[in-house]
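Step one of this worksheet: look at the structure below.
There are 2 protein chains.
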Amino acid sequence: MEQSVVSIEQWLEQHLLQLNLVQDMNQPDGFSRLGFSSEGWEAHDGFIKIAERLGLTVRRDQAGNVIARWNPENHNASLQAVTLGSHLDTVKGGGGYDGVAGILCALAAIKELRDNGFQPDHPIEVICFASEESSRFPISTIGSKAMSGIIKLKELEKVKDEAGYTIKQVVESRGLNWDMIRYAEREENEIKSFVELHIEQGLRIENAGTDFGIATAVACPIRLKIKIEGKMGHTGTTPMGMRQDALVAAAPLITFISEKAEQFSKENPYPIVATASTLTIKPNAMNVIPGIVELGVDIRSVDDALKEQFKALVKEKCSSIEKEKNVNINIEVLVHNASIQLDEDLSIKLKEIGESLGHRCLVMESGAGHDVMNMSKKWPSSLVFIKCRDGLSHHPEEYAALEDLRLGVDILVGYLQQEARN
Amino acid sequence: MEQSVVSIEQWLEQHLLQLNLVQDMNQPDGFSRLGFSSEGWEAHDGFIKIAERLGLTVRRDQAGNVIARWNPENHNASLQAVTLGSHLDTVKGGGGYDGVAGILCALAAIKELRDNGFQPDHPIEVICFASEESSRFPISTIGSKAMSGIIKLKELEKVKDEAGYTIKQVVESRGLNWDMIRYAEREENEIKSFVELHIEQGLRIENAGTDFGIATAVACPIRLKIKIEGKMGHTGTTPMGMRQDALVAAAPLITFISEKAEQFSKENPYPIVATASTLTIKPNAMNVIPGIVELGVDIRSVDDALKEQFKALVKEKCSSIEKEKNVNINIEVLVHNASIQLDEDLSIKLKEIGESLGHRCLVMESGAGHDVMNMSKKWPSSLVFIKCRDGLSHHPEEYAALEDLRLGVDILVGYLQQEARN
Chain S
1 MEQSVVSIEQ WLEQHLLQLN LVQDMNQPDG FSRLGFSSEG WEAHDGFIKI
51 AERLGLTVRR DQAGNVIARW NPENHNASLQ AVTLGSHLDT VKGGGGYDGV
101 AGILCALAAI KELRDNGFQP DHPIEVICFA SEESSRFPIS TIGSKAMSGI
151 IKLKELEKVK DEAGYTIKQV VESRGLNWDM IRYAEREENE IKSFVELHIE
201 QGLRIENAGT DFGIATAVAC PIRLKIKIEG KMGHTGTTPM GMRQDALVAA
251 APLITFISEK AEQFSKENPY PIVATASTLT IKPNAMNVIP GIVELGVDIR
301 SVDDALKEQF KALVKEKCSS IEKEKNVNIN IEVLVHNASI QLDEDLSIKL
351 KEIGESLGHR CLVMESGAGH DVMNMSKKWP SSLVFIKCRD GLSHHPEEYA
401 ALEDLRLGVD ILVGYLQQEA RN
Chain U
1 MEQSVVSIEQ WLEQHLLQLN LVQDMNQPDG FSRLGFSSEG WEAHDGFIKI
51 AERLGLTVRR DQAGNVIARW NPENHNASLQ AVTLGSHLDT VKGGGGYDGV
101 AGILCALAAI KELRDNGFQP DHPIEVICFA SEESSRFPIS TIGSKAMSGI
151 IKLKELEKVK DEAGYTIKQV VESRGLNWDM IRYAEREENE IKSFVELHIE
201 QGLRIENAGT DFGIATAVAC PIRLKIKIEG KMGHTGTTPM GMRQDALVAA
251 APLITFISEK AEQFSKENPY PIVATASTLT IKPNAMNVIP GIVELGVDIR
301 SVDDALKEQF KALVKEKCSS IEKEKNVNIN IEVLVHNASI QLDEDLSIKL
351 KEIGESLGHR CLVMESGAGH DVMNMSKKWP SSLVFIKCRD GLSHHPEEYA
401 ALEDLRLGVD ILVGYLQQEA RN
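Structure follows, in structure tokens:
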């Protein structure tokens, strides 16, 4: 076990770099550790080293999650684990705090408790989930879905990454066995509760004049894959009036999605966000009229009815574009998740701990999905937000101040002191 | 030398398959022989075999063009070569007639003349040009530019294909030496004239009630690369009003380009076509707001002033989008070619040959660029169009009827009989 000679701030700074596999957080091209990539795995290995230096017992489960566990000296086997966790995978060219902040603060809380001679009654775990982001595959939070037993393997087996690899191929390239992934599911009685700490990825905490946030609900997405089929043709010889250009058909749909979401957010008590975030075009050649466009659309709100209404309007718009632009449009629903309520008692407890330390709390919802949404299906779960600069996330300039990371550590320490005692 | 035992129609059918490297022209995924690809080279090898069987002398020049030459028995060295030619490379998933028809009919014309015991005074050449299409690199007709000495190596050296390879890399992967490419240029006094036969890729011949076309001008493109820089952000946590979404900024530009070209074509004596034909989006991930969009725009008309005016309007529209959508837009002019007038005497000669065979001719312009536009910079050149079904091109269902290919052969035979005699 590591002997502490550095301050918690120094420890956070050093280990932030280590978990991000860099010497310097200033990375103009950002951080790219896609789920199940070799960079992602390297970050997991970094996590394992740090956890082991803190004296934790580490195992990797069948889904690629890494579980670092503090077993109490005299463990009463009937006492369930108090768990914290987040993820280390990133989007392409993303930031070094999304996910990492949760892992880092959880490990730092363990270090603090260790340094102070704390003796838990309950086991404590820090869980590093596999493939949280949906940047490689269009399905997110794969590791926590497996752990909470809600993974849909048939659906997952269909998806491929940009290079054409199936999820099975990439999982097995990491030495895991796809057919064993369901054994990553854990029993209800193994875990007492789960808390995730995450950067807010927005500006609501700051705008409200508060210091941290506790989310009571998660706005889960509806995700659509919209395939527009027109007709290829030579760009030089096909007169304008005779075209079936799939990209020209996609343009008003992109505009509609953005404008309608802005309008809905103004008109309704809960906001809605909708993004045409992915687009591929075939054949994507200078002298060929686009024949096929595939558009990925991400729609989120904690108001599920509003999401439904929005989806119906997108469908209607596609029908009118089909007629107007002489194309065929097919809409596939990739993800359709209802919003998730988090555990009220646990949220109040975390709020009170933060406030007792002198910090102001914003009770809010989460616009983004996180691993906590899957864990909450099986175990009492809550989500702590710390601030991030300019609300910027999934971006190389994503940044959380050391004092906000420190605030997160303090809340987790306070929480574990209560929750891990019998 | 091959002895003829088949009809010209059978010969065309067989060799159409051979040049396309298939057993059957029904190819649902189309033909993909990008410039300097191994498939493209295989087609060139097929051309070489056929040409050699016809008794032609074949050489590959420093730019990858293949030149098959019929040297007269008693060659007067002062007599210049009468040349025909086109290309065998295709777009991705394109058709089997664009380019191939010209090569096939030229070879068939040689066969007819050989079979009939014709003795030319001038050498006759069939030239198979390298990398005509701009599907791999954003610069077209590379082989004919090299041969006519107008290739801009500095400009070419900057471009890369989708996989990130430079043109130098792909040219050298074919065993050529990039630094030698300028030696593909031929002297003015080596060539008497050049004629390209090509499918129309449109419906003007058919709509005019005619049988073939002679182009008197080629509408060359202005090509723009428009880079829109917004800001990445999380799709779930960035409120609609606070976004700088590069794709939302691109959408009205795509719409503008299509609508304005249609309007201009109605208002002006010559049509204009404009296409946003390529689009890449970064990071192209479901949960990230598009940060960067790169749009390729292809603008064509034989009316150069109209093209200029259109380009200026696109620029204006970009400026207004920059302000409205809070993005930065950079416009790079990749290609800016004035329209090209072909040789009038040669065009009249070809028209009269076709008409003397009983076919009706449409005198027209070409909406697409072809190798002939480069050859015409140095040598008297003309362009013969044959019909293709539904005007469809750059598409797996591209098709030219055997009788139209036969018509093309007959015109080329008549032409060579006149032109290659002293």
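For the protein sequence lines, the chains are S and U, in the order given. Take the first sequence: its position 293, counted from the start at 1, is 293 in the working numbering, and no numbers get skipped. Take the second sequence: its position 382, counted from the start at 1, is 382 in the working numbering, and no numbers get skipped. Note that the Cβ used here is the ideal one computed from N, Cα and C, for glycine as well.
- For the pair S/K282 and U/F118, the Cα-to-Cα distance works out to about 47 Å.
- Closest option to U/K160, judged by alpha-carbon separation, among U/N374, U/S38, U/C361, U/F137: U/F137.
- Note on geometry: alpha-carbon atoms of S/T210 and S/V363 lie some 10 Å from one another.
- For the pair S/I228 and S/I292, the CB atoms are nearer than the 8 Å cut-off.
- Under the DSSP assignment, U/T255 falls in the alpha helix (DSSP H) whose first and last residues are 246-267.
- For the region 254-274 of chain S, the set of positions with a beta-carbon nearer than 7 Å to some beta-carbon of chain U reads I254, T255, S258, A261, E262, S265, P271, V273 in chain order.
- The C-beta separation of U/V195 from U/G64 comes to about 22 Å, leaving the pair out of contact by the 8 Å criterion.
- Sequence-ordered contacts of the region 77-109 of chain U with chain S read V91, K92, G93 [C-beta pairs closer than 7 Å].
- Here the alpha carbons of U/L412 and U/Q18 stand approximately 21 Å from one another.
- Residue nearest to U/E155 within the set U/E398, U/I139, U/E162 is U/I139 (criterion: CA-CA distance).
- Excluding the 5 residues flanking it on each side, U/M373 has same chain C-beta neighbours closer than 6 Å at V218, I340, in chain order.
- Counting the other CB atoms within 10 Å of its CB gives U/V82 a total of 16 or more, which places it among the buried residues.
- Using a Cβ-Cβ cut-off of 8 Å, S/H234 counts as an interface residue toward chain U, since at least one Cβ of chain U sits closer than that to its own.
- In the assembly as shown, U/Y415 is a buried residue. Its beta-carbon has 16 or more other beta-carbons within 10 Å.
- Segment contact: the region 35-51 of chain U against the region 113-133 of chain U, three or more CB-CB distances shorter than 8 Å; contact assigned.
- Residue-level contact check: S/R60 does not touch chain U, since none of the beta carbons of chain U fall below 8 Å from its beta carbon.
- Short of 7 Å from the beta carbon of U/I257, and not among the five residues preceding or following it, lie these beta carbons of its own chain, in chain order: A274, A276, V297, V314.
- For S/H370, no beta strand (DSSP E) run applies, since DSSP gives it neither H nor E.
- With a 10 Å radius around the Cβ and a threshold of 16 neighbouring Cβ atoms, S/N20 comes out buried.
- In summary, the residues of the region 224-249 of chain S whose CB is separated from some CB of chain U by less than 9 Å are K231, M232, G233, H234, T235, G236, T237, T238, P239, M240, G241, M242, R243, D245, L247, V248, in the order they occur in the chain.
- Shown in chain order are the members of the region 392-412 of chain U whose Cβ falls below 8 Å from a Cβ of chain S: L392, S393, H394, H395.
- Cα atoms of U/R243 and U/K231: separation of roughly 7 Å, rounded to the nearest angstrom.
- The DSSP-derived three-state label of S/R389 is helix.
- CA-CA distance, U/A368 to U/A208, rounds to 19 Å.
- Boundaries of the alpha helix (DSSP H) harbouring U/W41: 38-53, taken from the DSSP string.
- Counted as a single uninterrupted DSSP element, the alpha helix (DSSP H) harbouring S/L12 occupies residues 8-19.
- Note: S/D298 is bridge-paired with S/R223, S/T275 in the DSSP secondary-structure output.
- Three or more Cβ pairs closer than 8 Å define a contact, and the region 389-407 of chain S falls short of that threshold against the region 240-255 of chain S.
- When rounded, the separation of the alpha-carbon atoms in S/L306 and S/E322 is 24 Å.
- In this structure, the CA atom of S/E355 is about 23 Å from the CA atom of S/P120.
- Within chain S, no C-beta atom comes nearer than 9 Å to that of U/A163; the closest sits roughly 12 Å away.
- Residue-level contact check: S/E200 touches chain U, since one or more beta carbons of chain U fall below 8 Å from its beta carbon.
- About 5 Å separates the beta carbons of S/T216 and S/S347, which is inside the 8 Å limit, making them a contact pair.
- At a cut-off of 8 Å, the C-beta of U/L383 has no neighbouring C-beta in chain S.
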